[in-house]
Amino acid sequence: MLRAQGTYATESNSKAQVKGFKGYVINKQDRNYESIRQSMHWHRSKPNRYPDLIVQARNEQDVIAAVSHAANHKLKISVHSGGHNAMGSSLRNGGMLLDVGGMANLEIDTNRQLASIQPGVRSIQLMAAARDKGLSFPVPHCPTVSLSGFTMGGGQGMNWGSRSGMACFSIAAADIVTADGQLRHASPDQNPDLYWAVRGGGPGFFGVVTRLWLELYPLPRAVHTSNYIIPLDKLDEATAILDELVAIKSDRVELINLLVHNPAAPADAPSHDSKICFVSAFAFGNSAEESTDLLAPMSASKLGPMSIHKEENLPFSFEDIYSQYFSLQVSPGMMARYKVDNVMTDEPAKVLRNLTNHFRKAPSPHAHVLTAMGLNLKPHDDACFSSIASTYVGCYAIWEHEQDDDANYEWLGNCIPLMDPYNKGHYVNEVEPRFNPNRLRECFSSGAWARLEKLRAKYDPAGVFHHYLRET
Ligand SMILES: Cc1cc2nc3c(=O)[nH]c(=O)nc-3n(C[C@H](O)[C@H](O)[C@H](O)COP(=O)(O)OP(=O)(O)OC[C@H]3O[C@@H](n4cnc5c(N)ncnc54)[C@H](O)[C@@H]3O)c2cc1C
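Going left to right, the sequence shown walks through residues 82 to 553 as our numbering numbers them.
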């Protein structure tokens, strides 16, 4: 089983404490508590928050037993699947951390183009299983992100433009254990209010998802990419071209713009001279000719002539996308300290213009700004995801050493007033509440937030589940 993040207890000193629970129970006093606690969180800036109890479920019955136990003993529950949430929302003080990351069964119904997955299934597992059946899903760009945390919060997955912008709109149904210990099926026909809430509710959802049914799509047979490295000084010009390209490109072209440190810059180059703009387009066609056609507007644009380096129409694969994103975002092998915040916006050029000088002064060479364009998002009455905008702009503070925490937090905090004037909301899976305790609430329209609160009061009146994180 793929378990790149999250460690399993091998012994359970305290199993008797949770009636009917067959998985592992780890108390604060247990020798392995701290290593298990730390393994719940992907990156190295581990939150100083300590649950009283960590329980690692093996199946749905375990989840029901754990939720009932927590409700009876007034333990607040937080849920962990893949541990990739940057704010570490599953690590809370006190209460029970319920780890469902080990539940990773996956079945594909080829005829109905449907995947049935347990919450711990990772991006690469679903991508590979679907691909083998000639199908695809807009999976996260990192192989080890879990599909449940990703889809429940929105999910900008591969080929987002053809897949309604966010993967949550491809949740066909879910099984959810609610605070009363009941297992409920949520679909357009059954418990439609829970179905609405699970499609975008994200890291503050008031229940445990034990299974998701995800819509699959025909597999694009020929993924191609074109990449352009542009000096940061030409960012204004490049964003104007990108705006034009977004208007004319096919939905089957995924376009990103990364402001990053230039790995080829001399080690002693001043920080402000060593930044580049890396524009990447992925075409999801069915033949080499079709993908080349899809990328033709990029090849014909002025991106090429203004580039320091370009490569066009390279045959690629979904696996290649994992490695490209990963090596650009985090140096290979580096387990970094990591924080992120973002805006959803219709005015990316203005956001980037505001951020450019601040980005040049980033205290860490690993910091970057990622712009995901042409999301093709539309409001859905049957989903609480409600940050509807054409573009995502995320600022990523990534650094190595604890002594640099303050400088990097300060840098990220100072990104926020530069991005926020143009926001149409925020993406709930990639925010940081330390600078603004209301950040997570601002990820939803006021109508969606009010409805979520009403549903929380209905399904979790005693507050068994932790609310959205308000500070770190
Ligand atoms: C390297 C990296 C790459 C990423 N790439 C992408 C990307 O391409 N696109 C994108 O949109 N996002 C991406 N993300 C962000 C990712 O979508 C979020 O961090 C997401 O919250 C991770 O889900 P998880 O289950 O792995 O995390 P966890 O930390 O385990 O879960 C986060 C929260 O989600 C809720 N949750 C998770 N599972 C359940 C469940 N079964 N039942 C109830 N609640 C649950 C809980 O509140 C939990 O605290 C990336 C993150 C990283 C670190």
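Just so it is clear, CB atoms sit at the ideal spot from N, CA and C, and this is done for glycine as well.
If you're wondering where the values come from, they're calculated on a predicted model, not measured in any experiment.
| request: Have a look at ILE322 and ALA350 and give me their C-alpha separation to the nearest angstrom. | output: 29 Å
| request: For VAL424, I'd like the list of residues in its chain whose CB is within less than 7 Å of its CB, leaving aside the five on either flank, ordered along the chain. | output: VAL432, VAL474, MET500, ASP501, TYR503, ASN504, HIS507
| query | Alpha carbon to alpha carbon, what distance is there between ARG139 and PHE102? | reply | 9 Å
| Taking only beta-carbon atoms, is ASP487 less than 9 Å away from chain C? | No chain C appears in the structure shown, which is made up of a single protein chain.
| task | Enumerate in chain order the residues of its own chain whose CB-to-CB distance from LYS127 is below 6 Å, with the five nearest sequence positions on each side excluded. | result | GLN119
| said: In whole angstroms, give me the CA-to-CA distance for ILE189 and PRO200. | reply: 15 Å
| If you draw a straight line from the C-alpha of VAL258 to the C-alpha of ALA147, how long is it? | 10 Å
| Any beta strand (DSSP E) of 3 or more consecutive residues that is wholly inside the stretch 214-258 | 252-258
| field | Coil, strand or helix - LEU533 by DSSP | value | helix
| Relative to ligand 1, is the shortest distance from any of its heavy atoms to the C-beta of THR291 smaller than 8 Å? | yes
| said: With a threshold of 6 Å on Cβ separation, who are the neighbours of ARG84 within its own chain once the five nearest residues in sequence on each side are excluded? | reply: For ARG84, the predicted model reports a pLDDT of 42, less than 50, meaning its position is unreliable and no value from the coordinates is stated.
| query | Where does the unbroken beta strand (DSSP E) through PHE362 begin, and where does it stop? | reply | Correcting the residue identity first, residue 362 is Ala in this sequence and not Phe. Here the beta strand (DSSP E) through ALA362 covers 356-366.
| Do THR320 and ALA430 have their C-beta atoms closer together than 9 Å? | yes
| said: Once DSSP output is grouped into helix, strand and coil, what is the label at TYR419? | reply: strand
| said: Nearer than 8 Å: is that true of the beta carbon of ASN510 relative to any heavy atom of ligand 1? | reply: yes
| field | Touching by the beta-carbon criterion (3+ pairs, under 8 Å), the stretch 151-163 and the stretch 110-119 | value | no
| Leaving out five residues before and five after GLY215 in sequence, what residues of the same chain have Cβ atoms less than 6 Å from its Cβ? | LEU300
| query | Thinking C-alpha only, which one of ALA453, VAL450, SER204 is nearest SER404? | reply | SER204
| request: Scan the stretch 448-472 and note each continuous beta strand (DSSP E) run of 3 residues or more that stays entirely inside, going in chain order. | output: 449-454
| task | Measuring alpha carbon to alpha carbon, tell me which of CYS476, THR472, CYS465 ends up nearest ALA443. | result | CYS476
| task | Report all residues from its chain with a CB closer than 7 Å to the CB of TRP492; omit the five preceding and five following residues, and keep chain order. | result | ALA443, PRO444, ALA448, ALA478
| task | Just the C-alpha distance for MET82 and ILE135, rounded to the nearest angstrom, thanks. | result | Residue placement at MET82 is poorly supported in this model, since its pLDDT is 35, which falls under 50; the coordinates still yield a value, given next. Distance between the alpha carbons of MET82 and ILE135 is about 20 Å.
| Can we say the stretch 279-295 touches the stretch 462-469, given the rule of at least three CB pairs closer than 8 Å? | yes
| task | Tell me whether the beta-carbon of ARG515 lies closer than 9 Å to the beta-carbon of GLU481. | result | no
| query | Helix, strand or coil for GLY282 per DSSP? | reply | coil
| request: Give the straight-line distance between the Cα atoms of ALA538 and PHE397, rounded to the nearest whole angstrom. | output: 48 Å
| message | Check for me: the alpha helix (DSSP H) holding PRO396 runs from which residue to which? | response | PRO396 -> not in any alpha helix (DSSP H); beta strand (DSSP E) instead, spanning 390-397.
| query | In the DSSP assignment, what residue or residues form a beta bridge with VAL290? | reply | ILE257
| Relative to ligand 1, is the shortest distance from any of its heavy atoms to the C-beta of ASN166 smaller than 8 Å? | yes
| request: Using only alpha-carbon positions, find the residue among HIS305, GLU483, THR437, LEU456 that is nearest to ASP401. | output: HIS305
| request: Could you round the C-beta distance between HIS222 and GLY164 to whole angstroms and report it? I think they count as a contact, below 8 Å. | output: HIS222 to GLY164, Cβ: 17 Å. No contact.
| Would you call LEU179 buried or exposed, if buried means 16 or more other Cβ atoms sit within 10 Å of its Cβ? | buried
| task | Leaving out five residues on either side along the sequence, give the residues of the same chain with a beta carbon under 8 Å from the beta carbon of SER380. | result | SER307, GLU393, ASN394
| Between the beta-carbon of MET454 and the beta-carbon of ASN338, is there less than 9 Å? | yes
| query | If we ignore side chains and look at the alpha-carbon of each, how far apart do LEU550 and GLU371 end up? | reply | 45 Å
| What residue does the alpha helix (DSSP H) around SER116 start on, and which one ends it? | 114-120
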